[in-house]
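Residues 50 to 110 (this note's numbering) make up the sequence shown, in order.
We treat Cβ as the ideally placed atom computed from N, Cα and C, and that holds for glycine.
A short worksheet on the structure shown next.
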Amino acid sequence: MIKLLTVALQSWICLVKLKERKLVYDIEDEIDRLAADGSPAAKLRIERLGRRLKAERKRPL
């Protein structure tokens, strides 16, 4: 029973890490897309996304 709970918790942790990694990749992709635009609004959005990306990378599991 304990092994089953351990495996379930490990699976949950892997799922959470996967979702976190996907979020970071999505933010990076949006930054790349906006960088191609180069407009002032895009630059402002890139700054905001950069701050969010930094916070997401710092956040512990």
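Exercise. Can you give the Cα-Cα distance for Glu96 and Glu77, rounded to whole angstroms?
Worked result: 12 Å
Exercise. Pro109 to Gly87, Cα distance in whole Å?
Worked result: 33 Å
Exercise. Going by the beta-carbon positions, is the gap between Leu83 and Arg101 smaller than 7 Å?
Worked result: no
Problem set entry | Sub-7 Å separation of Glu105 and Val65 beta-carbons | no
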